[in-house]
Amino acid sequence: MAKKKKPTAGQNELSPEDAGREFGISLKELETLMQTRGHEGVKELNETYGGLSGLAQKLKTHLIH
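The numbers in my numbering rise by one with no breaks, and the one at position 20 of the sequence shown is 28.
Here it is as structure tokens:
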């Protein structure tokens, strides 16, 4: 089985600032959201990002795939 090549520096990489602009959520915001637990985390996810679907849309990914 072939191994995937890891991108080299500068190849398909975004700075944290560029990623925040492209995805509509900064790395710091994502880290904070991931550290927020319980009802507070669910509330933050739903109110700020539109739930899991809204966050997945911002991150340009699919929840099922």
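Built from N, CA and C at the ideal position, the CB exists for glycine as well.
Computed from a predicted model, the values in this text were never measured in an experiment.
- Burial of L63 is indicated by the presence of at least 16 other C-beta atoms within 10 angstroms of its C-beta.
- Rounded to whole angstroms, the separation of the alpha carbons of L22 and G46 is 31 Å.
- A direct Cα-to-Cα measurement between N54 and H73 gives close to 21 Å.
- Annotation: G28 to E48 spans about 23 Å, alpha carbon to alpha carbon.
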